[in-house]
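S.K.: For what it's worth, the numbering used here labels the leading residue of the sequence shown as 9, then goes sequentially. Each residue gets a CB set at the ideal place from its N, CA and C atoms; glycine is no exception.
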Amino acid sequence: MWTSPFTENGMEFERAFMKNVKRVIVKVGTAVVTQADGRLAVGRLGALCEQLKELNSQGYEIVLVTSGAVGLGRQRLRYRKLVNSSLADLQNPQYELDGKACAAVGQSSLMALYDTLFSQLDVSSSQHLVTDNDFRNVSFRKQLSETVKSLLALKVIPIFNENDAVSTRRAPYERRCSCSDSSGIFWDNDSLAGLLALELQADLLVLLSDVEGLYSGPPSDPNSKLIHTYIKEKHQGEITFRDKSRLGRGGMTAKVNAAVCAAYAGIPVVITSGYATDSIIKVLQGKRIGTLFHQDAHLWTSVKEVGAREMAVAARECSRRLQAMHSDDRRNILLDVADSLEANERLIKVENEADVAAAQDAGYEKSLVARLALKPGKIASLAKSIRVLAEMEDPIGQVLKKTELADGLILEKTSSPLGVLLIEFESRPDALVQIASLAIRSGNGLLLKGGKEAKRSNAILHKVITSAIPKNIGDKLIGLVASREDIPDLLKLDDVIDLVIPRGSNKLVSQIKESTKIPVLGHADGICHVFVDKSAKADMAKRIVLDAKTDYPAACNAMETLLVHKDLSSTGLLNEIIMGLQHEGVILYGGSRASSLLNIPEAHSFHHEYNSMACTVEIVDDVQAAIDHIHQHGSSHTDCIVTENHEVAEIFLNGVDSASVFHNASTRFCDGARFGLGAEVGISTSRIHARGPVGVEELLTTRWLLRGSGQVVDGDKGVVYSHRNLAL
């Protein structure tokens, strides 16, 4: 049985254990506690204490491990030495302060600040200075646990720090590779935090750093990537570290050593930024921030991070196996997908309703929520369209042209899959089903990235569809990209990915076009027009306008601008159309002429896609003025004329340079299923390769197959070319 990658409260799958966390160890590093010059970062400490107070009030048991005493003490002693220096001392300022003295001086100041901050928040705290030798004493460890347990029961926050002032270790800055070895129990505050997590049986250890988490290389390197889940077997040999942190002892190396030690002893660890004001709270909410270390991470193969190239190459390999299948076998895969969707309709509905509720709670626009919802009957409709697609003639390997080049030398031009498609879409989870079924029918590999608002719907739809793909093809035929952060890496793979199709905002399409060498197919906006000519039939005009605007206002083929011939303002038809729209709840905005005549607000722009129950109205002089308006303000998507004058209709049909142009029919007909394509990947307003609804045929290219009987060119001396077209 399939398990959703999200729990009921929206947590990521690998972070679902957070809902059972109660006792948390938080370690804050020197680089977070202090500024670059060694002074205390009071603002960051205040934000940290506010987070801990909030969690304390929610019932979490919080233990804090803090660094910073040495750095703070060094800054204060340097200042004191400067104040008391003679002129000769100032001329020769070379001196080295004793680290243990710095720790002794800085500790009191550090604790005084924590006490002040927590007191202002009505929280009690306690100080605990320890050395590694203390932990060699069994009685000490037992007493420590009992004391902390009592403090936590009283909602006190214990604050731990290594007592460097009296530590007997000769090499306190030496880094080790395990939690306990022959030279010490712990070696810095990172390992102390790990040790305390084990001693106090914590549910979680959070290590706060000056960066967002563990990167594959130095965070300053633009090629470095944040690792969301650390898998020892995968990442141990891939990561390069800088030498040490700005002020502390071991930097990220020490944190990773401590995190691996604690995680493999059963305490989950998250390394995240201590600069953010809510990072700990987000960690406990199960948000995918920072780097998670967990003893079961290697088992999460279904959700572990997969490299962009690995995902794309796998999709290509699977697509080649799919192409090699018999036509009937590819058809049966689609029929199995349709059956699987219907069989899992209840699960799909639960996940989709959760997405819709979350979107409403987050305050998303109604138009987005409308696109997000899978309405009753939608799954059945999708399954039906997939079955229609399955029964269509196999598009792969169709002979498009056959030519005899010479006697016994036959050339065929055949249809062939493009290869691997990368499609990013927003909001509509039903788009995932249509796109996936078209990819299967056309024999293409597919990488999908849906909007975060539909993550649960997309996850289960992807699982349901890929579960119907035979093992000899592989479920990696269709990859679901987990995060938008992966898109830049995928867009670099012009040697593996053959076509990018973005379905979303103008901003999204523009960003993708600027970021890749891969061909991009898609439309940015759906600024669709309906022009009502002076010869239009009244009832037809009202019916078409209402349908184009209100049938599904969130769709890209919905009417966004109504153009009306100037003569209709005196016949009454304009008022009838306007009243009909307003009666249905459509909010109207006008161009300069319409706003004055109809007393409606003026539109801020003609190039605006409302995606809601709103539209712009303008009055034009004639059909040519309507065409000029569409060319100036439209998006080359779908435009319609309503007229009984066929000569005017032909002027419009031939004059409007859009992907789809209609006469006496609603713009809502611009749809792959309604065009008989079975489904659509999207609607293209490009002028190269495909235009309008993109179905199976638009996801194909061509290949040339030449069959001979031993012919050679030999300077064309021995070949007599006939170039005769043959019947297919």
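Going by C-alpha to C-alpha distance, which of S327, D547, I659 sits closest to I481?
M.R.: Residue numbering aside, residue 481 sits at position 473 when the sequence shown is read from its first letter. Measuring from the Cα of I481, the nearest candidate turns out to be S327.
S.K.: Tell me, to the nearest whole angstrom, how far the beta carbon of G530 is from that of R551; I am working on the premise that it is less than 8 angstroms.
M.R.: Along the sequence shown, read from residue 1 onward, the residue named residue 530 stands at position 522. Along the sequence shown, read from residue 1 onward, the residue named residue 551 stands at position 543. Going by Cβ atoms, the distance from G530 to R551 rounds to 31 angstroms, so no, they are not a contact pair.
S.K.: Look at I289 and Q128 and say whether their C-beta atoms are less than 8 angstroms apart.
M.R.: On the sequence shown, position 281 is the one that residue 289 refers to. On the sequence shown, position 120 is the one that residue 128 refers to. Not a contact, by the Cβ cut-off of 8 angstroms.
S.K.: On the premise that R464 lies in contact with E359, defined as a C-beta separation below 8 angstroms, what is that separation, rounded to the nearest angstrom?
M.R.: Mapped onto the sequence shown, residue 359 falls at position 351. Mapped onto the sequence shown, residue 464 falls at position 456. That belief holds up - the Cβ atoms of E359 and R464 are roughly 4 angstroms apart, short of 8 angstroms.
S.K.: Using alpha carbons as the reference points, say which of S65, V34, Y68, E69 lies closest to V53.
M.R.: In the sequence shown, the residue the question calls residue 53 occupies position 45. The residue you asked about is not Val; residue 53 is Leu in the sequence shown. That would be V34, whose Cα lies nearest to the Cα of L53.
S.K.: Using only CA atoms, which one of I235, S217, L215, D218 lies nearest to S224?
M.R.: Walking along the sequence shown from the start, residue 224 turns up at place 216. It is I235.
S.K.: Buried or exposed: which applies to S132, given that a residue is buried once 16 or more other Cβ atoms fall within 10 Å of its Cβ?
M.R.: Position 124 of the sequence shown, counted from the first residue, corresponds to residue 132. Under this definition S132 is an exposed residue.
S.K.: Measuring CA to CA, which of E706, V113, I649 is closest to S423?
M.R.: Within the sequence shown, the letter at position 415 stands for residue 423. Per the Cα distances, E706.
S.K.: If we ignore side chains and look at the alpha-carbon of each, how far apart do I279 and A273 end up?
M.R.: Looking up residue 279 in the sequence shown gives position 271. Looking up residue 273 in the sequence shown gives position 265. Using only the alpha carbons, I get a separation of about 17 angstroms.
S.K.: Among the candidates S75, I649, S348, whose CA atom is the shortest distance from the CA of F539?
M.R.: Numbered from its first residue, the sequence shown carries residue 539 at position 531. F539 has its Cα closest to that of I649, out of S75, I649, S348.
S.K.: So K525 packs on D502, CB below 8 angstroms; how close in whole Å?
M.R.: Here the question's residue 525 lines up with position 517 in the sequence shown. Here the question's residue 502 lines up with position 494 in the sequence shown. Confirmed, Cβ separation roughly 4 angstroms.
S.K.: Buried or exposed: which applies to L204, given that a residue is buried once 16 or more other Cβ atoms fall within 10 Å of its Cβ?
M.R.: For the purposes of this step, residue 204 is taken as residue 196 along the sequence shown, with counting starting at 1. Answer is buried; the Cβ neighbour count reaches 16.
S.K.: With E69 as the anchor, note down where its beta strand (DSSP E) starts and where it stops.
M.R.: In the sequence shown, counting from the first residue as 1, residue 69 sits at position 61. Its beta strand (DSSP E) spans residues 69-74.
S.K.: Counting only the same chain and skipping the five closest in sequence on each side, list residues whose C-beta sits under 7 angstroms from that of V653.
M.R.: Locating residue 653 in the sequence shown gives position 645, where the first residue counts as 1. In the sequence under discussion, the amino acid at residue 653 is Asn, which differs from the Val named in the question. D541, S543, listed in sequence order.
S.K.: Examine the Cβ distances between the region 377-388 and the region 670-681 and report whether three or more of them are shorter than 8 angstroms.
M.R.: Judged by Cβ distances under 8 angstroms, the region 377-388 makes no contact with the region 670-681, as fewer than three pairs qualify.
S.K.: According to DSSP, what are the bridge partners of Q442?
M.R.: Taking the first residue of the sequence shown as 1, we reach residue 442 at position 434. DSSP lists no partner for Q442.
S.K.: Counting along the chain, where does the beta strand (DSSP E) carrying Y122 start and finish?
M.R.: The sequence position of residue 122 within the sequence shown is 114, counting from 1. First-last for Y122: 107-128, but that is the alpha helix (DSSP H), not the beta strand (DSSP E).
S.K.: Please go through the same chain and pick out, in chain order, the residues whose beta-carbon is closer than 7 angstroms to the beta-carbon of S153, but skip the five residues on each side of it.
M.R.: For the purposes of this step, residue 153 is taken as residue 145 along the sequence shown, with counting starting at 1. Excluding positions up to five away in sequence, the list reads E207, L208.
S.K.: Looking at C-alpha atoms only, which residue of S65, L63, V73 is the closest neighbour of V40?
M.R.: On the sequence shown, position 32 is the one that residue 40 refers to. The shortest C-alpha separation from V40 is found at V73.
S.K.: How many whole angstroms separate the CB atoms of A414 and V727, which I take to be in contact at a CB cut-off of 8 angstroms?
M.R.: Within the sequence shown, the letter at position 406 stands for residue 414. Within the sequence shown, the letter at position 719 stands for residue 727. That belief holds up - the Cβ atoms of A414 and V727 are roughly 5 angstroms apart, short of 8 angstroms.
S.K.: Measure the alpha-carbon distance for T474 versus M621 and round it to whole angstroms.
M.R.: Against the sequence shown, residue 474 aligns to sequence position 466. Against the sequence shown, residue 621 aligns to sequence position 613. Going by the C-alpha atoms only, they are around 37 angstroms apart.
S.K.: Cutting at 8 angstroms between CB atoms, please list the residues of its own chain near V704, excluding the five before and the five after it.
M.R.: Reading the sequence shown from its first residue, position 696 is the one you call residue 704. Excluding residues within five positions, the ones whose Cβ falls inside 8 angstroms are L397, M400, P403, L446, R449, S450, L685, G686.
S.K.: To which residues of the same chain is P527 closer than 6 angstroms at the C-beta, ignoring the five residues directly before and after it?
M.R.: Along the sequence shown, read from residue 1 onward, the residue named residue 527 stands at position 519. Same-chain partners within the cutoff: L507.
S.K.: Have a look at K357, I356, V377 and flag the residue whose alpha-carbon is nearest the alpha-carbon of A366.
M.R.: Within the sequence shown, the letter at position 358 stands for residue 366. It is V377 whose Cα lies nearest to the Cα of A366.
S.K.: Of the residues V164, R699, V291, which one's Cα is nearest the Cα of C221?
M.R.: For the purposes of this step, residue 221 is taken as residue 213 along the sequence shown, with counting starting at 1. Looking at the sequence shown, residue 221 is not Cys but Gly. Minimum Cα distance to G221 is reached at V291.
S.K.: Shortest alpha-carbon distance to T299 belongs to which of K233, T285, Q331?
M.R.: Here residue 299 refers to the residue found at position 291 when the sequence shown is read from its first residue. Measuring from the Cα of T299, the nearest candidate turns out to be K233.
S.K.: My guess is that L349 and A391 are in contact by the Cβ rule of under 8 angstroms, so how many angstroms apart are they, rounded?
M.R.: Numbered from its first residue, the sequence shown carries residue 349 at position 341. Numbered from its first residue, the sequence shown carries residue 391 at position 383. Contact flag correct, Cβ pair sits at about 5 angstroms.
S.K.: Relative to the alpha-carbon of K457, which residue among G642, A667, I431 has its alpha-carbon at the smallest distance?
M.R.: Here residue 457 refers to the residue found at position 449 of the sequence shown. Of the candidates G642, A667, I431, the one whose C-alpha sits nearest the C-alpha of K457 is I431.
S.K.: Could you name the residues of the same chain whose beta carbon sits closer than 6 angstroms to that of Q135, not counting the 5 residues immediately before and after it, in chain order?
M.R.: Residue 135 sits at position 127 when you count from the first residue of the sequence shown. Excluding residues within five positions, the ones whose Cβ falls inside 6 angstroms are M119, I167.
S.K.: Go ahead and pull the three-state DSSP assignment for G453.
M.R.: Within the sequence shown, the letter at position 445 stands for residue 453. G453 falls in the strand class under three-state DSSP.
S.K.: Does DSSP classify D647 as helix, strand or coil?
M.R.: Translated into the one-based positions of the sequence shown, residue 647 becomes position 639. Strand at D647.
S.K.: Indicate whether T693 and S730 have their beta-carbon atoms separated by less than 8 angstroms.
M.R.: Position 685 of the sequence shown holds residue 693. Position 722 of the sequence shown holds residue 730. Contact flag unset, no.
S.K.: CB-CB under 6 angstroms to Q76, same chain, minus the five flanking residues each way: which ones, in chain order?
M.R.: Against the sequence shown, residue 76 aligns to sequence position 68. Before going on, a small fix: residue 76 reads as Gly here, not Gln. Cβ neighbours of G76 beyond the five flanking positions: T38, V41, T42, L118.
S.K.: Entirely within the region 575-630 and at least 3 residues each: give me those beta strand (DSSP E) ranges in chain order.
M.R.: Whole beta strand (DSSP E) segments, 3+ residues: 595-598, 622-628.
S.K.: Going straight from the alpha carbon of L408 to that of A735, what length do you get?
M.R.: Locating residue 408 in the sequence shown gives position 400, counting from the first residue. Locating residue 735 in the sequence shown gives position 727, counting from the first residue. Roughly 10 angstroms separates the two Cα atoms.
S.K.: In or out: F126 buried (at least 16 other Cβ within 10 Å) or exposed?
M.R.: By 1-based counting over the sequence shown, the position of residue 126 is 118. With 16 or more Cβ atoms within 10 Å of its Cβ, F126 is classed as buried.
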